[in-house]
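J.:
Numbering (the working numbering), first residue to last: 3 to 110.
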């Protein structure tokens, strides 16, 4: 290894975010999934930050997070939004977007 694992994880996280903003979702998922898998288990806040970008990409592909995963990383507030997408509930989806819109815009 040339670089410390923590630096590689940070690099892959930021490249994943960049690819996401460039609408390169497959590449974004690859980088973000790598960052999540290799992030130390003790870095809960970092894993949560990774998931905030990885989950929308995976949901877009029809891969939904479990309630346990959302709970573990303090993302349980997203469960109604995830379920609205899962079940095609447009009214709940729009209501949840309105509730979380400011936070979504601030986080990128």
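Using N, Cα and C, we set each Cβ at its ideal position, and we do this for glycine too.
Name the residue from 43, 78, 86, 37 whose alpha carbon lies nearest to the alpha carbon of residue 61.
T.: Of the candidates 43, 78, 86, 37, the one whose C-alpha sits nearest the C-alpha of residue 61 is 86.
J.: Between the stretch 60-74 and the stretch 98-107, do three or more beta carbon pairs fall short of 8 angstroms?
T.: Segments in contact, no.
J.: Around the C-beta of residue 63, are 16 or more other C-beta atoms found within 10 angstroms, so that it is buried, or is it exposed?
T.: Exposed.
J.: Could you tell me which of 11, 84, 79, 106 sits nearest to residue 42, measuring between CA atoms?
T.: Closest by alpha carbon: 11.
J.: Pull up the CB-CB distance for residue 56 and residue 35, whole angstroms please, since I reckon it's below 8 angstroms.
T.: The Cβ separation is near 6 angstroms, so the contact holds.
J.: Note down the Cα distance separating residue 44 from residue 33, rounded to an integer number of angstroms.
T.: Taking the straight line joining both Cα atoms gives about 20 angstroms.
J.: Give the list of continuous alpha helix (DSSP H) stretches no shorter than 4 residues that lie fully inside the stretch 27-63.
T.: Taking only runs of at least 4 residues, the alpha helix (DSSP H) segments lying wholly in the stretch 27-63 are 27-40, 46-62.
J.: Can you tell me the Cα-Cα spacing of residue 20 and residue 30, whole angstroms?
T.: Looking at the two C-alpha atoms, the distance is approximately 7 angstroms.
J.: Put residue 24 into one of helix, strand or coil per three-state DSSP.
T.: Here residue 24 sits in coil by DSSP.
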